[in-house]
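Protein chains in written order, with UniProt numbering: chain R, 1 to 152; chain D, 1 to 152.
Set out below in structure tokens:
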């Protein structure tokens with residue numbers, strides 16, 4: 001197992017232990033982690049702190065060149081917002097833990113020249129599968145989907 | 001002048017008065033502002049709180065349906081990250097103050113069915129033009145562009 005994906009998975013586990021959605025991410029510059037993050041919808045009532053966004057925020061203000069030399073690791077295929085942040089900052093490569101429980105904007109990223117590697121990691125899949133089954137309404141909220149059981 | 005764009009401009013002015021990048025945004029649901037925001041890169045050292053992202057964050061956790069019935073106003077054409085957030089939450093229409101000092105992902109948004117209206121507002125143009133001239137390095141950082149004057 002890639003050490004950096006392992007660090008992203010640790011972030012996901014940390015989020016889960018806090019009662020949150022188990023998605024984690026790290027940003028790596030020249031072999032060093034410069035930002036770690038996990039989804040904080042539940043913990044902070046945040047609508048923008050997905051795992052990848054939290055990693056960007058925790059990396060702090062970096063020169064553009066640093067982003068252009070970095071790799072982003074995320075346990076789950078990045079949604080439109082997180083993919084947009086990857087494009088904004090010009091991250092050239094991302095490594096995804098899994099894209100079986102949710103598939104984000106991988107095609108868009110590839111069309112813009114981002115290298116996208118998918119690991120199909122069993123722990124990543126299992127964490128999300130279990131979480132989605134237990135909290136479908138929370139997961140739907142996180143990806144902007146209307147809950148089919150919603151009364152209105 | 002549209003009252004909601006006026007509210008977004010007030011947010012941009014507020015950011016400028018704080019020493020920040022003058023971009024503001026509001027999210028409007030059924031004629032009522034549910035979130036106001038402005039760029040907070042300088043104020044909070046944030047890499048993700050663009051004006052639109054700040055408006056999403058300040059609107060708080062909303063049902064998916066609320067986003068699907070909302071209009072987002074922003075003083076400047078939205079970058080890839082903010083456009084991604086608009087797509088994630090399924091905002092059906094956005095109103096842009098200007099796209100002359102920067103053009104974001106308007107084509108992508110339109111290709112996904114978002115209605116994009118551009119006002120070419122003189123105050124929005126002037127605020128950004130003046131700011132970019134005075135602080136080119138800060139503006140480049142905000143949009144992930146390498147500063148051509150950077151020594152390395």
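Beta carbons: idealized from backbone N, C-alpha and C, even for Gly.
| Item | Value |
| --- | --- |
| Distance, residue 82/R Cα to residue 87/D Cα | 11 Å |
| Under 7 Å from the C-beta of residue 101/R: neighbouring residues of chain D | The contacting residues do not exist; residue 101/R stays about 16 Å from chain D at best. |
| Among 135/D, 85/D, 35/D, 98/D, the one whose alpha carbon lies nearest that of residue 117/D | 98/D |
| Contact set between residue 79/R and chain D, taken where Cβ atoms lie within less than 8 Å | 84, 88 |
| Near-chain R residues of the segment 44 to 57 of chain D (beta-carbon distance less than 7 Å), N- to C-terminal order | 45, 46, 47, 48, 53, 56, 57 |
| Pairwise C-alpha distance: residue 21/D and residue 141/D | 11 Å |
| Simplified DSSP state of residue 91/R, which is helix, strand or coil | coil |
| Partner residues on chain R for residue 67/D, Cβ-Cβ distance less than 8 Å | 144 |
| Collapsed DSSP secondary structure at residue 45/R in the structure displayed | coil |
| Interface residues of chain R facing residue 140/D [CB-CB closer than 8 Å] | 64 |
| Buried versus exposed call for residue 41/R [16 or more other C-beta atoms within 10 Å across all chains shown] | buried |
| Nearest candidate by alpha-carbon position, reference residue 53/R, set 132/R, 85/R, 113/R, 100/R | 85/R |
| Residue span of the beta strand (DSSP E) that contains residue 25/D, given as start and end | 24 to 29 |
| For residue 74/R: DSSP bridge partner residues | 25/R, 96/R |
| Spatial distance of residue 59/R from residue 27/R (CA atoms) | 8 Å |
| Contact set for residue 23/D: own chain, Cβ-Cβ below 6 Å, skip 5 residues either direction | 12, 39, 51, 75, 76 |
| Supposed close pair residue 207/D, residue 91/D - CB separation, criterion 8 Å | In the structure displayed, chain D extends from 1 to 152; residue 207/D sits before or after that span and is not available. |
| Between the CA atoms of residue 115/R and residue 68/R - distance to the nearest angstrom | 12 Å |
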